[in-house]
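S.K.:
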Amino acid sequence: MRAIVLCCVTSGGVHGRTRGEPVGYWLRRLSDEVHSRFETELSRHDVTVSQWGVMISVYEGHDTTKAVAAHMDIDPGAVSRLVDRLAAKGLIRREPAQASRRTVRLVLTDQGQALVPVLAELADRNDAHYFGSLDAGQRWQLEEWIRRLVGQARPAPPPDTA
8 MRAIVLCCVT
18 SGGVHGRTRG
28 EPVGYWLRRL
38 SDEVHSRFET
48 ELSRHDVTVS
58 QWGVMISVYE
68 GHDTTKAVAA
78 HMDIDPGAVS
88 RLVDRLAAKG
98 LIRREPAQAS
108 RRTVRLVLTD
118 QGQALVPVLA
128 ELADRNDAHY
138 FGSLDAGQRW
148 QLEEWIRRLV
158 GQARPAPPPD
168 TA
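Just so we're aligned, residue 8 is where the sequence shown starts under this note's numbering, counting upward by one.
Here it is in structure tokens:
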């Protein structure tokens, strides 16, 4: 097997590193591959990975731009632009909330509602392609490690001053 040599600059100079280091490189490479393959599958349905994120969020009950943005951990402006594209495709619509006319609800159209399970199956198959060789315990452990690392990388939210 050919070793992949990476080069890293540290305070001590430049050091060659072999496969297994740095972990961030391998995580990014895996993420890119998982994303790229899924993007290709979704493109057959004229949906991007980001648009899929909005659709599944709405499907799961996050029915405002703010709620979807919080769920996806992205900017509400980005969600609004994604919703615009999905609305143009006839997959989602905006409608006034009954409780407050100032609030706009996001609702999947019949076409969008029917497409979500199809796309969810693609997501499951994509996961199986990359993670199917792991048993349930290994997969759970990997997810726990990633969640822990992501949580550590984020700054703590500001205290609630209300």
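Ideal Cβ placement from N, Cα and C applies to all residues, glycine included.
#1: Would you mind working out which of Arg35, Val90, Phe138 sits nearest Leu113, comparing C-alpha positions?
#2: Within the same chain, show all residues whose beta-carbon is closer than 8 Å to that of Phe138, passing over the 5 residues directly before and after it, in chain order.
#3: Give the DSSP bridge partners of Pro103, in chain order.
#4: Beta-carbon within less than 7 Å of Val75's beta-carbon, same chain only, minus the 5 sequence neighbours each way: which residues are those?
#5: Taking the alpha helix (DSSP H) that Gly119 falls in, what are its first and last residues?
#6: Going by the CB atoms, is the gap between Gly84 and Leu98 shorter than 8 Å?
#7: Do Ala95 and Arg101 have their C-beta atoms within less than 8 Å of each other?
#8: Buried or exposed for Gln58, please, with buried defined as at least 16 other CB atoms from any protein chain shown within 10 angstroms of its CB.
#9: Does the distance from the C-beta atom of Thr55 to that of Glu46 stay below 8 Å?
#10: Comparing C-alpha positions only, which one of Glu128, Asn133, Pro103, Thr116 sits nearest to Asp39?
M.R.: Let me lay it out:
#1: Val90
#2: Arg146, Leu149
#3: Val111
#4: Val61, Ser64, Val65, His69, Val86, Leu113
#5: 117-138
#6: no
#7: no
#8: buried
#9: yes
#10: Asn133
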